Amino acid sequence: MCREIAAILVFVSSVRTLTRADSATCSGHGCTANWWESGESHFRSPNVIQIGTLNFNETLRELRNHSLFIAFYDPRSQSFRELQPAIEQTADALAKNPTPLGYFGAVDITVHSYLTFREAPEVQLAWQEPNPSKKSFRFGRPRFYPLIILHYKDGFCQQEYKGVVKKKHLLNFLQRDLIPKGEMQNSSEDLEFLFTQFPGPFILGCGLEEGTVDEANLTAAFQAAARHLGGEMIFAQARQSLCSGLVHGAVHPSVLYIRNSAAKALPGPISANVESSMKVLCNEDKLIDWLRLQRPVVLKEITPDNSWIFLEQPASLVIFLATSKDSVKEGKALFAEIEAELDIKYFQLTWADCHEFQAQFSVDCPAVVVVDTESMNTSDLALETILREGPSAASRALHARLLDATAAVRRRVDQAAEAAAAGHRSGEAERLQGKEFEEIAWQEAWPLQVLEVLKNEKVKVTDEGLRYKVVDVDGQTIRFRESETKEILQDPDRFPLRIYFNPDIGAADIDETEADSSENFLGDWAIITENTSALTTYRIYLACLQHMVILRQSFQQAWGQRLFFDFSAIDRSQKVHRHMKLLVSSIDDVEEMLSNKSYRLSVWREMEERLSFLQALEDTEKPSREEKFKKMLTGGLDLLGALFRRFFLMLHDQAQAGLGELPSARQVPRRSAAELSVREFIEDYAKKGLPVIITGINITGGAPWTLKFFKDRCNVSVPLKRRNPKSDDWGRLQDAGRLPLGEFIDSFASNRTRRKWYLHDWSLPRNCPQVFGPAPFSGFTVPKYFVGDYFQRAAFEGYQHSWPSLFIGSSETQSSLHIDSGNTNFMLHLLSGRKEWRFYSAQDLVNLYASPVGAHFHYDVFRPDHKKFPLASYAKQFVGIQEPGETIFIPAGNPHAVRNLEPIHGISMNYVDVSNVKLSILERIWELEAPDVELYTDGISTPHGMVSDQEAMLFGEWKAQDWKRTKYDLF
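Mind the numbering: the sequence shown is residues -21 to -1, 1 to 950 in mature numbering (1 follows the signal peptide of the UniProt record, and there is no 0), read in order.
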């Protein structure tokens, strides 16, 4: 897999590129409303191999002895429509070639998104944006994905194709790749044949294997560069005597960069750029950097497809805009006379078809423009007046104008180089100065280690508590100066120790046996906004407003028939300013959006206006405007805060007086997968917001997912969590550090410290895709109840490839009361151990003391204090003990807590389906996540519904479904 890929071939994109003139874009959400109905293949040529998840590895195996280009494309995109002819022409030419150069295949990323995620992950970073000058989001614009071409050989991705996407350039790449990399040329005839029969540039290693002390390093770096740049350049080797006859000044050893045009001068002497520094020649990265800096031609062709490559560089981009082939020749001649004086580190020299860029640069062609790749400012060098000087004088005049136009950029490049050099020199010193602590590993003589560290840091032992302190792995402070401590502290489980050089730095003591912090629930609203920006205050206001709206709904469901309360302050706060009003308030509003186009468009327009307003607020240079809006927000927060306190004081008075019979806890029902249909699961549990434990589900068809299975395949460091009762974080879980997964698996159930650490919701697709096996990814089976996940239907939606995830924890770990983010449903399949779950319905939120300003609850379900929290007595609780092999379902919006009764490991998914999609959309609207709102409400991008007789699916099959062609009958 090409993990280092950075190619983004786009026409108009959030990634900076140059745009093609008169480039038509598909209106709305594609070229046609039903663009996916054009048939399985979006290519007309039968010579373009259709590749997908299920035949990917098979295709690589069959063609492992050949070069294979694979285009990962979005059939809706302009980049696909513009480049499709070149891809088809190249595929047809390859099919006709009597000596196979290679093959061309294509992957539709809107269907095979996980395959694309694995093979070409950068493709998700650049949605096309037809008007990048406008910062705020607009609905209805094309937002499609770029086209990326990868080169495969020997069954593996070799590199990403970064050249011009035209038949000639693609075929030349494959021709160059055919040549054995770094092969020895034994005579001038061998070199002449190579130089005349194949397209350059040529990289010639001279005398690399002639008894040099660093022969091994020289050869290794050269071959590594050949593998990395194969296809872009032809690599060969020759003895020093042969090189000396070719190039004047070639020393031993050296690497020659020979242009294609220069190579044709054989058998006479040729010109070449020579690199002989051993620091470069023996260093793979430095050698590659030097080769990439060379110019293969005087002017390199630039197109909208490859412009991003030039725009990523700090050097000025110089473009000769040509009107014809003859015009290109004239441009090359003009630059040829001054090329040697235009240092590569300052100037990128290119030519382009004026028709493609004329509108963007607003020039008359032919022309020379200079682009500052940092600011994207452009300069027209007035070529017409330069040419009036005459051929030789014109080149000198052009040189002068180039120097003048790029003076600022050249200074910036030099300053960056100086800063990088200075940073390298000071890096070690900064690292030492920034050190917060030193770790001491276990050994019997550990006190000597501490003394050595203190000596190195020039800290006196007597400064304990003033300039340093020592804590054990649990965060407990120890008294190093007390001799008895040194004798007592012989427990390896308390190591590594940490020596903090500022006694205020370090882990606070944590007692996991304490109840969750419940102090000052009503004081949660005392939000300090004095020093916050208007935007930050706005986010706080929206969170508090949403919290009060949810509490009002919960109150009406739980107590509406018994109690009355005046919530009019919610409406008053929303009338202070038009952008302080929620765009939608309820599920009913979302339902109306999905069924009523006119209402949907009105919500979209209001969201656009709000985003534009917030962008203008962020960009404003008028503090008075920002302060005025912030004052309104503060007033709204005061209204809501007073309402919050009145509301809960009233409820507490009512609870103390008695609100009726206390409900008893209910057991979570158990159902067998053999008799629970998808329809019954959705209608009787998911839509009603009821949890259920399902037995008889198998999630793996191959090797069982034991702890050893994960240890063998996931050799990576993992982030760990730890419960802190005082934490305000989600589930009262805070960061505990990192460990190699294998080490954690070996010790989490036995080590006193690590028993408190929890591997929590660790994404397998993102962090350890090896567990699914190679394509077609058959190592995991998605249970039938969860196949209808909407995240899979919108390519590269943020959560699409986050799950399944892994949980591992001892019997001392738990998650405090929380609600899963994004209004997602949740399932967990337990592979080992036992878990105790406690759930509440979403309508009981009002009784559970959720913080209005954080992701935590004040009520501790496992250590209940009903005197302090009397409303919790009236919340209807579900209790369930989950056994190995069972799958538990938790509906969206349900507060729940869980503790592990034994060491466990399990697999989970958060997802959206027909039962909670409206809740999910509501939250996305509230969070102003406009792109996702469009994906789920436009009626085109994400189909709605489920299949009532759905069967379980292998992971790869699930990831390769064409959801737009699926027939749904469950809504």
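Heads up, the beta-carbon is just placed ideally off N, CA and C, and yes, glycines get one too. Since this is a predicted model, take the numbers as computed values, not measurements.
What residues in its chain sit with their C-beta under 7 Å from that of serine 726, if we drop five residues either side in the sequence? Arg733
Tell me whether the beta-carbon of leucine 796 lies closer than 8 Å to the beta-carbon of leucine 827. Yes.
Who are the Cβ neighbours of valine 429 in its own chain at under 7 Å, not counting the five residues just before and after it? Ile419, Val449, Phe459, Ile478
Could you have a look at glutamine 940 and say whether DSSP puts it in helix, strand or coil? coil
Distance check for serine 742 and serine 781, CA to CA, integer angstroms please. 5 Å
Chain-order list of residues whose beta-carbon lies under 8 Å from that of alanine 244 (same chain, five-residue window excluded): Ser250
Which complete alpha helix (DSSP H) runs does the segment 323 to 402 hold, if anything under 4 residues is left out? 333 to 340, 362 to 366, 370 to 384
Could you tell me how far apart the beta carbons of leucine 738 and leucine 686 are, in whole angstroms, since I believe they sit closer than 8 Å? That belief does not hold up - the Cβ atoms of leucine 738 and leucine 686 are roughly 11 Å apart, past 8 Å.
How would you call serine 651, buried or exposed, if buried means at least 16 neighbouring beta carbons within 10 angstroms? exposed
Member of Lys601, Asp343, Ala74, Ala372 whose CA lies at the smallest distance from the CA of residue 951: Here the chain has residues from -21 to 950 only, and residue 951 is not among them.
According to DSSP, simplified to helix, strand and coil, what is isoleucine 127? strand
Determine the extent of the alpha helix (DSSP H) in which alanine 204 is found, giving its start and end residues. 194 to 208
Alpha carbon to alpha carbon, what distance is there between proline 648 and arginine 817? Rounded to the nearest angstrom, the two C-alpha atoms are 13 Å apart.
Opening and closing residue of the alpha helix (DSSP H) in which isoleucine 678 lies: Neither: isoleucine 678 is in no alpha helix (DSSP H) and is coded neither H nor E.
Going by the beta-carbon positions, is the gap between threonine 357 and phenylalanine 340 smaller than 8 Å? Yes. Within cutoff.
Whole angstroms are fine: how far does the CA of threonine 456 sit from the CA of asparagine 196? 50 Å
Where does proline 744 land, buried or exposed, given buried means 16+ other C-beta within 10 angstroms? buried
What residue ranges within the segment 704 to 771 form continuous alpha helix (DSSP H) runs of no fewer than 4 residues, ordered along the chain? 720 to 726, 743 to 746
Glutamine 532 to arginine 658, Cα distance in whole Å? 28 Å
Please classify glutamate 881 as buried or exposed, where buried requires at least 16 neighbouring CB atoms within 10 angstroms. exposed
Starting from the N-terminal side, write out each stretch of the alpha helix (DSSP H) that is 4 residues or longer and does not extend beyond the segment 209 to 271. Fully enclosed alpha helix (DSSP H) runs of 4 or longer: 219 to 225, 239 to 242, 257 to 260.
What residues match up with cysteine 136 in a beta bridge as DSSP calls it? Tyr131
Report the partner residues of leucine 785 according to the DSSP bridge assignment. Trp741, Ile886
With a threshold of 8 Å, are at least 3 pairs of Cβ atoms found where one atom belongs to the segment 531 to 551 and the other to the segment 859 to 875? The answer is no - the segment 859 to 875 does not touch the segment 531 to 551, with fewer than three Cβ pairs under 8 Å.
In three-state DSSP terms, what is aspartate 799? coil
Give the straight-line distance between the Cα atoms of glutamine 63 and alanine 338, rounded to the nearest whole angstrom. Rounded to the nearest whole angstrom, the C-alpha separation of glutamine 63 and alanine 338 is 23 Å.
Proline 670 and tyrosine 853: beta carbons closer than 8 Å? no
Note down the Cα distance separating methionine 806 from valine 102, rounded to an integer number of angstroms. 30 Å
So valine 143 and asparagine 285 are in contact, right, with Cβ under 8 Å, and what is the actual spacing, rounded? 6 Å
Assuming residue 957 is part of the beta strand (DSSP E), what are its boundary residues? It is not possible to answer for residue 957, since the shown part of the chain is limited to -21 through 950.
Do three or more CB pairs link the segment 926 to 937 to the segment 746 to 757 at distances below 8 Å? yes
Whether or not the segment 195 to 209 and the segment 260 to 276 are in contact is what I'm after, with contact meaning three or more pairs of Cβ atoms, one per stretch, closer than 8 Å; do they touch? Yes, the segment 260 to 276 is in contact with the segment 195 to 209.
Apply the 10 Å Cβ neighbour rule to methionine 212 and answer buried if 16 or more other Cβ atoms are within range, or exposed otherwise. buried
Work out the CA separation of glycine 716 and histidine 923 for me, nearest whole Å. As the crow flies, the alpha-carbon of histidine 923 is around 41 Å from that of glycine 716.
Beta-carbon spacing of glycine 84, glutamine 137 below 8 Å: Remark: C-beta atoms of glycine 84 and glutamine 137 do not approach each other more closely than 8 Å.
Give the range of the beta strand (DSSP E) segment to which tyrosine 853 is assigned. No beta strand (DSSP E) holds tyrosine 853; DSSP gives it neither H nor E.
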